[in-house]
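A.B. asks: Residue numbers (my numbering): 8 to 187.
Below is a structure I'd like to ask you about.
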Amino acid sequence: MRLPQFFLTREKFYEQKDQLNQILAEDLARLDNGRRDFFLKKYNHFKIRKNSGFGKDIKVMRFRAEQDRLREQAENIAQHPWFTDLVDKVATSSKHPSKLEDLLLDRIRRSVEAGEDFNQAALVQLLRLIPQRVFTDDSVQRIIRFVRQHSGISEREFLEALEMSSQGLGVLRKKAAVAR
Numbered sequence: 008m009r010l011p012q013f014f015l016t017r018e019k020f021y022e023q024k025d026q027l028n029q030i031l032a033e034d035l036a037r038l039d040n041g042r043r044d045f046f047l048k049k050y051n052h053f054k055i056r057k058n059s060g061f062g063k064d065i066k067v068m069r070f071r072a073e074q075d076r077l078r079e080q081a082e083n084i085a086q087h088p089w090f091t092d093l094v095d096k097v098a099t100s101s102k103h104p105s106k107l108e109d110l111l112l113d114r115i116r117r118s119v120e121a122g123e124d125f126n127q128a129a130l131v132q133l134l135r136l137i138p139q140r141v142f143t144d145d146s147v148q149r150i151i152r153f154v155r156q157h158s159g160i161s162e163r164e165f166l167e168a169l170e171m172s173s174q175g176l177g178v179l180r181k182k183a184a185v186a187r
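Rendered as structure tokens:
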């Protein structure tokens, strides 16, 4: 039985493990926040009417809360037209986006839908998802440049975010290896 290529070296294994841990931690934090917000929406829509069954009131409450959540997500996406431009750019540059491109777009979409500002901290979280071996790929760099331009992050903040995400070390190592 042949092992997949990313398990062959120790560095790639730990890199992937760190990436999956980061993804899991972000997903759990987002779900926790989303669960609390969704509960509050349900509570706000809960009304018991006189001559209706309790089950029907619960269904109405859930339906209205879900409609509110979807409406808020659509409004947040509409407030960030650059996200649609980013999706169009990725779709036109490659007919079949890689898993990493899909992951990056999904993370960006989730933060936009949640109404979070794309600041330096959000960029650091995004950069931590990218394995160092593919960080310099054109498709990844295209997404990072686009997000940086449209989020208003300065060059200095971007370089600090690179250092905080430990991507800066990987880029410097690759440059040193190429120079040898």
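Think of the CB as a built atom: it goes at the ideal place given N, C-alpha and C, for glycine as much as any other residue.
This one's a predicted model, so the numbers in the text were calculated from it and none came from an experiment.
Using the rule of at least 16 other Cβ atoms within 10 Å of the residue's Cβ for burial, across every protein chain shown, is Ser-172 buried or exposed?
C.D. replies: That one is buried.
A.B. asks: Pick out whichever of Gly-122, Arg-37 and Phe-142 has its Cα sitting closest to the Cα of Glu-82.
C.D. replies: For Glu-82, the nearest C-alpha among the options comes from Gly-122.
A.B. asks: What are the boundary residues of the alpha helix (DSSP H) that Glu-18 is part of?
C.D. replies: Here the alpha helix (DSSP H) through Glu-18 covers 17-52.
A.B. asks: Taking 8 Å as the limit between beta carbons, can you name the residues of its chain near Ala-183, skipping five residues before and five after?
C.D. replies: The predicted model places Ala-183 with a pLDDT of 46, which falls under 50 and marks its position as unreliable; any figure quoted below should be read in that light. Excluding positions up to five away in sequence, the list is empty.
A.B. asks: Since Gln-132 and Glu-33 should fall inside the 8 Å C-beta cutoff, what is the C-beta to C-beta distance between them, to a whole number of angstroms?
C.D. replies: That pair is a contact at about 6 Å.
A.B. asks: Please report the Cβ distance between Ile-160 and Gln-127, rounded to the nearest whole angstrom; I am assuming they are in contact, meaning their Cβ atoms lie under 8 Å.
C.D. replies: Indeed they touch by this definition, with Cβ atoms about 6 Å apart.
A.B. asks: Work out the CA separation of Gln-86 and Arg-135 for me, nearest whole Å.
C.D. replies: Whole-angstrom Cα-Cα distance: 26 Å.
A.B. asks: Specify whether the segment 26-40 and the segment 142-157 touch according to this definition: at least 3 beta carbon pairs, one from each stretch, less than 8 Å apart.
C.D. replies: They do not touch, by the three-pair rule.
A.B. asks: Using a 10 Å radius around the Cβ and a threshold of 16 neighbouring Cβ atoms, would you call Glu-162 buried or exposed?
C.D. replies: By the 10 Å Cβ count, Glu-162 comes out exposed.
A.B. asks: Is it right to say Ile-65 is buried, meaning 16 or more other beta carbons lie within 10 angstroms of its own, or is it exposed?
C.D. replies: Looking at its Cβ environment, which holds fewer than 16 other Cβ atoms inside 10 Å, Ile-65 is exposed.
A.B. asks: If we call anything under 7 Å between Cβ atoms a contact, is Val-119 one with Phe-153?
C.D. replies: It is not a contact, given that the beta carbons lie outside the stated cut-off.
A.B. asks: Run the CB neighbour count on Leu-38, radius 10 Å, all protein chains shown included, and call it buried at 16 or more, exposed below.
C.D. replies: Per the 10 Å Cβ criterion, exposed.
A.B. asks: Only counting runs of 4 or more residues, tell me where the alpha helix (DSSP H) segments fall wholly within the segment 80-154, in order along the chain.
C.D. replies: Runs of the alpha helix (DSSP H) inside the segment 80-154: 88-100, 106-120 and 127-135.
A.B. asks: Give a yes or no on whether the C-beta atoms belonging to Ser-146 and Glu-170 are separated by under 7 Å.
C.D. replies: Result no, Cβ atoms of Ser-146 and Glu-170 do not sit closer than 7 Å.
A.B. asks: Arg-71: which of Asn-28, Ser-101, Phe-53 and Phe-165 sits nearest, CA to CA?
C.D. replies: Closest by alpha carbon: Phe-53.
A.B. asks: Since I believe Phe-125 is in contact with Ser-158 (beta carbons under 8 Å), could you give me their beta-carbon distance rounded to a whole number of angstroms?
C.D. replies: 4 Å between Cβ atoms; contact.
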